[in-house]
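Asks: FYI, in our numbering the residues of the sequence shown are 115 to 250.
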Amino acid sequence: MGSGSRALHEFATGLQAGIMFGLSAAASRCALLLSMQFAQPILIPVGIGCSVLLTSAGFFMQARGLKDGRAVVVCTYAAISTLASGVLVGVLALSEPLPETGAQLAAWWASMLMIAFGVGLLVRRDAGTAFAKHEQ
């Protein structure tokens, strides 16, 4: 596998795993809210079942990426996509509130950007050390 296709594979499997983990958490929350709204307690086990299936799919995708790629890269992409998908589903589908004041919203965005920046540093650092080891 070439370095370009390997990097794309690491990115894709990390992203897929993270999205599955984020949706897993959202499935449980969504089932709880729907159960309360429609007075149907059977929805809770259905949501938990969906959560278990999505988590299992996430582990499978992450393991596939770890088998062929660098662990730091795959795991960091999975972590950032878990956060992003969880926030998107929470805000858009579950009506979770965003911070209300300008300072709180700025701090929220700053924390998200710092996480993304940290992931970028981890990926670059790992790519640089892998390249240096390959040349020796």
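For glycine and all other residues, C-beta sits at the position ideal for the given N, C-alpha and C.
#1: Are the region 125-139 and the region 191-201 touching by the rule of at least three beta carbon pairs closer than 8 Å?
#2: Whole angstroms is fine: what's the gap from Leu-236's alpha carbon to Ile-156's?
#3: From which residue to which residue does the alpha helix (DSSP H) around Val-186 run?
#4: Where does Glu-124 land, buried or exposed, given buried means 16+ other C-beta within 10 angstroms?
#5: Given this structure, state the Cα-to-Cα distance separating Gly-204 from Phe-135, to the nearest angstrom.
#6: Helix, strand or coil for Ser-209? Go by DSSP, reduced to three states.
#7: Under the rule that 16 or more other beta-carbon atoms within 10 Å means buried, what is Val-187, buried or exposed?
#8: Three-state secondary structure (DSSP) at Thr-215?
#9: Return helix, strand or coil for Gln-154, following the three-state DSSP convention.
#10: Measure the alpha-carbon distance for Leu-167 versus Ala-177 and round it to whole angstroms.
Replies: With the structure as the only source:
#1: yes
#2: 43 Å
#3: 185-202
#4: buried
#5: 13 Å
#6: coil
#7: buried
#8: coil
#9: coil
#10: 15 Å
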